[in-house]
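Last residue of the sequence shown: 1328 (our numbering), numbering continuous.
Before any comments, here is the structure.
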Amino acid sequence: MYDVIIIGAGAGGLSAALWCDELGLETLVLEQAAEIGGQLLWVHHPINNYLGRRVANGRELRDQFAEQIAAAEFDLWTQAEIESVDLPARRVVLRSGEQLQTITLIIATGVRRRKLGIPGETEFAGRGMIESAARDRDMFAGEDVCVVGGGDAAVENALLLAELCPTVTLVHRGKTLKARGEFVERLKGTHCITVFTGAEARRIIGGAHVEAIEIERHGAIKPFRMAVRGVLVRIGVEPNTELFREQINCDARGYVNVTSEQETSIPNVFAVGDVENPLAPTISGATGAGATAAKVIAGRLNRRSE
Ligand SMILES: Cc1cc2nc3c(=O)[nH]c(=O)nc-3n(C[C@H](O)[C@H](O)[C@H](O)COP(=O)(O)OP(=O)(O)OC[C@H]3O[C@@H](n4cnc5c(N)ncnc54)[C@H](O)[C@@H]3O)c2cc1C
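Written out as structure tokens, the structure is:
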């Protein structure tokens, strides 16, 4: 029997775990991935807005988190595959068949990338769909590519690809890009990037590999086809709440509703970080929410909450 089980080892879950440990709570963190850090592992630009730390990228911050938690005594299981969670009973069942019981539970499962849901997107996985420019761009050196999306992640990836690709086409549904000013300025100075706003990707076409993308400009009579060898999609995120959605109150998009104590609609079940904060998903928001949940739990269990 644990005092707290935390699901997810991103910034929110790890902050909650560190605080729970310091407050004397028996804590277990369950992380489905092989590595801790969650979205930090997707951040390839310098992070200058997390007070007290300046890092070259998210992995560097993740490594600092890992170093800091090494001294803590909470249990951390990576590659933990959860079969089901009974929130009212606070029971977690793993795919391995193991059953875990806890007094309180913290959901810190964050978000995942949204898909376009157009023909070709799934079929060409590993055959021209680019997962990450930072990781995969060498494979697309010298090739024409397309990036779909208009936020920070899309523009950042377009800029990275532009270092090796002769042409990068950025396709964005909205009228203006949503990316931060610094990225948009860099985009303007990068001549091999063409931006189509008010346009949508309709289909990804090819044989053994991606060969083209079909794009429809708003107001145009029909889509046009553009030859590309790679397509990268960054159109936002959605919450990882499938395991819980039927049991707790969520908003229309599936984000968990919480009180100012980070508590969900089920007593002693809490949620922290991006999974409950679509308005301002940040590292500091997630770590702060993790601290709040831990302090509230320690107070309820009469542990050292001062
Ligand atoms: C490209 C990019 C740039 C960013 N730049 C900044 C920035 O400059 N400054 C800033 O403050 N923020 C930035 N952010 C946002 C910041 O990274 C997030 O707000 C923060 O990391 C969220 O942490 P989290 O713990 O809530 O969720 P996540 O980091 O999403 O972690 C959730 C964890 O839960 C795990 N999980 C999910 N489902 C399960 C399950 N069923 N079982 C077990 N584990 C599960 C996931 O594998 C993951 O490890 C950026 C994000 C991105 C993508």
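Every residue gets a Cβ at the ideal spot worked out from N, C-alpha and C, and that includes glycine.
Query, Result
"Quick one: does the C-beta of Pro-1289 sit closer than 7 Å to a heavy atom of ligand 1?", "no"
"Kindly list the residues whose CB is nearer than 8 Å to the CB of Val-1167, restricted to its own chain and excluding five residues on each side of it in sequence; keep chain order.", "Ile-1152, Leu-1183, Cys-1187, Thr-1189, Val-1190, Thr-1191, Val-1250, Arg-1251, Gly-1252, Val-1253, Leu-1254"
"Which residues bound the alpha helix (DSSP H) around Gly-1312?", "1305 to 1322"
"In this structure, how does DSSP classify Val-1114 when only helix, strand and coil are distinguished?", "strand"
"Quick check: what's the CA-CA separation for Glu-1145 versus Glu-1053?", "28 Å"
"To which residues of the same chain is Asn-1290 closer than 6 Å at the C-beta, ignoring the five residues directly before and after it?", "Thr-1126"
"I'd like the span of the beta strand (DSSP E) that includes Asp-1166, first residue to last.", "First-last for Asp-1166: undefined, no H or E at that position."
"Would you decide whether Phe-1162 is buried or exposed? Buried here means 16 or more other CB atoms lie within 10 Å of its CB.", "buried"
"Only counting the same chain, and skipping five residues up and downstream in sequence, which positions put a Cβ closer than 6 Å to that of Arg-1113?", "Gln-1123"
"Bridge partners of His-1213, per DSSP?", "According to DSSP, which records beta bridges pairwise, His-1213 is partnered with nothing at all."
"Starting from the Cα of Ile-1029, find the closest Cα among Arg-1267, Gly-1132, Glu-1048 and give me that residue.", "Gly-1132"
"For Gln-1101, collect the residues of the same chain with a Cβ closer than 8 Å to its Cβ; drop the 5 residues on either side in sequence, then sort them by chain order.", "Glu-1053, Gln-1054, Ala-1055, Ala-1056"
"Within the same chain, show all residues whose beta-carbon is closer than 6 Å to that of Leu-1199, passing over the 5 residues directly before and after it, in chain order.", "Gly-1172, Val-1206"
"Quick one: using the 10 Å Cβ neighbour count with 16 as the cut-off for buried, is Ile-1305 buried or exposed?", "buried"
"If you follow the beta strand (DSSP E) that Ala-1156 is in, where does it begin and where does it stop?", "Where Ala-1156 is concerned, there is no enclosing beta strand (DSSP E), although the alpha helix (DSSP H) it sits in stretches over 1155 to 1158."
"Give me the Cβ distance between Gly-1295 and Ala-1033, rounded to the nearest whole Å; I'm assuming they're in contact under 8 Å.", "7 Å"
"Cutting at 8 Å between CB atoms, please list the residues of its own chain near Ile-1104, excluding the five before and the five after it.", "Ile-1029, Leu-1052, Gln-1054, Val-1114, Val-1115, Leu-1116, Arg-1117, Leu-1265"
"With C-beta atoms as the reference, is Met-1248 less than 8 Å away from Ile-1257?", "no"
"Please name the residue in Ala-1088, Asp-1043, Gly-1074 whose C-alpha comes closest to that of Leu-1062.", "Ala-1088"
"Just checking my contact of Thr-1220 with His-1240 at CB under 8 Å: how many whole Å lie between their CB atoms?", "Before going on, a small fix: residue 1220 reads as Gly here, not Thr. That pair is a contact at about 4 Å."
"Indicate the three-state DSSP secondary structure (helix, strand or coil) for Gly-1276 in the structure shown.", "coil"
"Whole alpha helix (DSSP H) runs in the region 1120 to 1199 with 4 or more residues, listed along the chain?", "1155 to 1158, 1174 to 1184"
"Is there at least one non-hydrogen atom of ligand 1 closer than 7 Å to the beta-carbon of Gly-1046?", "no"
"Please name the residue or residues paired with Ser-1106 in a DSSP beta bridge.", "Val-1115"
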